[in-house]
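Student:
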Amino acid sequence: MKVSFTLNGRRVEVDVEPNEVLLDVLRLKLGVKSVRRGCERAECGACTVLLDGKPVYSCTVLAPMVDGRTVETVDYLASNGELKPLVEAFVKVGAIQCGFCTPGFLLTAYSLLRRNPQPTVEEVKKAIEGNICRCTGYQKIIEAILLASKLYAEKRSERKEE
Amino acid sequence: MFYKLPKFNYYRVTSLNEALKLINELEDFKVVAGGTDLVMDLKIKRYIPKNIIDISRVKELDYIVDDGDRIRIGALTKLQEIVDSPIIREKAYVLAEAVNQMASWQIRNIATIGGNLCNASPAADTAPPLYVLNAELKLVSVEGERIVPVTKFFHGPRKTELKKNELLAEIIIPVEKDAGASAIKLGRRNAFTLSIVAVATLVKVSGNKFTDVRVALNSVAPTPVRATSVEKALTGREVSLKAVEEASKLVVNDIKPISDVRASADYRREMSIVLTRDSLLKSLERIGVRIGGEE
Ligand SMILES: Cc1cc2nc3c(=O)[nH]c(=O)nc-3n(C[C@H](O)[C@H](O)[C@H](O)COP(=O)(O)OP(=O)(O)OC[C@H]3O[C@@H](n4cnc5c(N)ncnc54)[C@H](O)[C@@H]3O)c2cc1C
Ligand code: FES
Ligand code: FES
């Protein structure tokens, strides 16, 4: 069956089997490799995408369920500059080791900061509950998200001054 | 690819009527709402249905309405919408408190309250708060609708009161005045985990006596349960730490825990007592009654 949705700002139409999950369609049919295959059972967050602007796991969404909806991944948010302060913060603090989990964390953190521009440490921890990182021990990821919150605030005040 | 889902026909419906007609006609189907339980169950081939009916776009079942003396929640309301709802936070906070401890943000953004109930896991975390709120469920079919108390809805693991041609449409919560309620969940870790046991309690006090006491638990029996022994022991009694501690011990009469990968039956029994006590004390605190207990 044909499924059509907005992927990273662009309308795509793709032939799917009803029993395919969004994760597979993105990786195998649409070449979006930033969406990672981790546990495949809604437990690790590596496959996180934004569905209509909200972070969800693409490994438990049936492909036909996204028809007509909007899917965003880090590729898009990086290319349009939206993600820049977060990426800067992750690099600066050293919140990336192997990088496997990073796209998922970036999308979750991005959604958190849009919903809550100045989160507390507890709020950051709560938001990233569903993302697992085998390398960093989370401390640096939490620091990076808090730093990004400041960088976004600076960006906003610069924009106001212009 | 580690998992391959079985093949099925996919149907998408956009109205409740369309959904009810289809489930009345089709054989061998499963409906999918958020899919967080069902897609995993397809992956592990617990279910191999011929047909999948996607009800996630039935907008008319996605709402939270305040009718004054009761709140109505559409079955397709997402868990995160419940956590964020000012209506629920103000008038049925214990539900928001429990739901906020479920799964993860990514799951709460797509999983529905109806899916949690209809999946009928003994560990369903929306059950204890809905039990103590005396919630009712509206079940609908082409033949009409009926209302059942949530405590009558679960028949066993993955078994419910729903007939083959029925859907859960709505959760109805009577608004309690002057009640204190709280929900506590114990898992293998603090976040993103199924419960070893979860407890919700609701109390009303007048003239330093318990006038209404409700206690419910999950993961300690084939279905979520009300702890009627604890409730009976406290109702009418003078409020004191001793009374709460004695009554909490009786919870073991109301539960039938098993040992599984998450915990042993003995541990579950011990923890049911502790959590019942803690939750009762917290519920009392929320109506301004402090009688001690450890922090
Ligand atoms: C990693 C992980 C962690 C989880 N953690 C928790 C947790 O902490 N606590 C907890 O309680 N649950 C947890 N769950 C379970 C699950 O996320 C919830 O039960 C969720 O609310 C299910 O909702 P859904 O909309 O995704 O249901 P679906 O998967 O769409 O449906 C579940 C079942 O209900 C049926 N159904 C759905 N809606 C209706 C309806 N309106 N009428 C009739 N039948 C219907 C479906 O046919 C299916 O059998 C977890 C799941 C995963 C994968
Ligand atoms: S791959 Fe989807 S959560 Fe792990
Ligand atoms: S950096 Fe390796 S898993 Fe997170």
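Read top to bottom, the protein sequences are chains A and V.
Counted the way the numbering used here counts, the first sequence spans residues 1 to 162.
Counted the way the numbering used here counts, the second sequence spans residues 1001 to 1295.
Ideal placement from N, C-alpha and C gives every residue a C-beta, glycine not left out.
With H, G and I counted as helix, E and B as strand and the rest as coil, what does DSSP make of V:PRO1157?
Tutor: coil
Student: Taking all protein chains shown into account, do 16 or more other C-beta atoms lie within 10 angstroms of the C-beta of V:GLN1080, making it buried, or fewer, making it exposed?
Tutor: buried
Student: When Cβ atoms are compared, which residues of the stretch 1008 to 1040 of chain V fall closer than 8 Å to chain A?
Tutor: PHE1008, ASN1009, TYR1010, ARG1012, VAL1032, GLY1035, THR1036, VAL1039 and MET1040
Student: Is there at least one non-hydrogen atom of ligand 3 closer than 7 Å to the beta-carbon of A:GLN97?
Tutor: yes
Student: For V:TYR1063, decide whether its Cβ has a neighbour in chain A, counting only Cβ atoms nearer than 8 Å.
Tutor: V:TYR1063 has a beta carbon lying at 8 Å or more from every beta carbon in chain A.
Student: Just to confirm the assignment: which complete alpha helix (DSSP H) runs, minimum length 4, are found wholly within the stretch 1127 to 1151 of chain V?
Tutor: 1127 to 1132
Student: Among all the DSSP beta bridges, which residues are the ones paired with A:VAL21?
Tutor: Paired residues: A:LEU62.
Student: With a threshold of 7 Å, establish whether the CB of A:CYS133 neighbours any heavy atom of ligand 3.
Tutor: Ligand 3 has a heavy atom closer than 7 Å to the beta-carbon of A:CYS133.
Student: Between V:LEU1167 and ligand 1, is there a pair consisting of the residue's CB and a ligand heavy atom that are separated by less than 7 Å?
Tutor: yes
Student: Excluding five sequence neighbours on each side, which residues of the same chain lie with their C-beta closer than 8 Å to the C-beta of V:GLU1097?
Tutor: PRO1129, SER1182 and ALA1183
Student: Taking the alpha-carbon of V:GLU1025 as reference, which of V:PHE1154, V:LYS1043, V:ILE1053 and V:VAL1197 has the nearest alpha-carbon?
Tutor: V:ILE1053
Student: Using a strict less-than 6 Å threshold between each residue's beta carbon and the heavy atoms of ligand 2, what residues do you get?
Tutor: A:ARG37, A:GLY38, A:CYS39, A:GLU40, A:ALA42, A:GLU43, A:CYS44, A:GLY45, A:ALA46, A:CYS47, A:TYR57 and A:CYS59
Student: Does V:TYR1093 have its Cβ less than 8 Å from a Cβ in chain A?
Tutor: Taking Cβ atoms only, chain A never reaches closer than 8 Å to V:TYR1093, which makes this a no.
Student: Which residues mark the beginning and the end of the alpha helix (DSSP H) in which A:GLU161 is found?
Tutor: 139 to 161
Student: For V:GLU1295, which residues from the same chain have a beta carbon less than 6 Å from its beta carbon, with the 5 sequence-adjacent residues on both sides left out?
Tutor: Summary for V:GLU1295: the model assigns pLDDT 48, below 50, so the residue's position carries little reliability; its value from the coordinates is reported in the next sentence. Closer than 6 Å at Cβ, skipping near neighbours: no residue.
Student: Comparing alpha-carbon positions, which option in V:ASN1165, V:SER1015 and V:THR1223 lies nearest V:SER1121?
Tutor: Selection V:ASN1165, V:SER1015 and V:THR1223 evaluated against V:SER1121 yields V:THR1223 as nearest (Cα-Cα).
Student: List, in order along the chain, the chain V residues whose C-beta lies closer than 9 Å to that of A:ALA42?
Tutor: THR1036, VAL1039, MET1040, ALA1103, SER1104, GLN1106 and ILE1107
Student: Distance, Cα to Cα, V:ARG1070 vs A:THR73?
Tutor: 40 Å
Student: Between which two residues does the beta strand (DSSP E) containing V:PRO1174 stretch?
Tutor: 1167 to 1174
Student: Would you mind listing the beta strand (DSSP E) stretches within the stretch 1047 to 1086 of chain V that are 3+ residues and don't spill past its ends, in chain order?
Tutor: 1051 to 1054, 1064 to 1066 and 1070 to 1074
Student: Between V:VAL1261, V:ARG1089, V:LEU1168 and V:VAL1083, which has its C-alpha nearest V:GLU1060's C-alpha?
Tutor: V:LEU1168
Student: Using beta-carbon positions only, say whether A:ASN80 and A:GLY104 come within less than 8 Å of one another.
Tutor: no
Student: Does the distance between the C-beta of A:CYS101 and the nearest non-hydrogen atom of ligand 3 fall short of 7 Å?
Tutor: yes
Student: Return yes when the C-beta of V:LEU1079 is under 7 Å from any heavy atom of ligand 1, and no when it is not.
Tutor: yes
Student: For a contact meaning CB atoms closer than 7 Å, what does A:GLU129 contact in chain V?
Tutor: SER1104, TRP1105, ALA1191 and PHE1192
Student: Does V:GLU1295 have its Cβ less than 8 Å from a Cβ in chain A?
Tutor: Model confidence at V:GLU1295 stands at a pLDDT of 48, short of 50, so the residue's coordinates are unreliable; what they give is reported in the following sentence. For V:GLU1295, the answer is no, since every Cβ of chain A falls outside 8 Å of its Cβ.
Student: Find the nearest neighbour of V:GLY1156 within the set V:GLY1144, V:ASN1100 and V:VAL1220, judged by alpha-carbon distance.
Tutor: The residue with the shortest Cα to Cα distance from V:GLY1156 is V:VAL1220.
Student: V:PRO1222 lies in the alpha helix (DSSP H); which residues open and close that run?
Tutor: No alpha helix (DSSP H) holds V:PRO1222; DSSP gives it neither H nor E.
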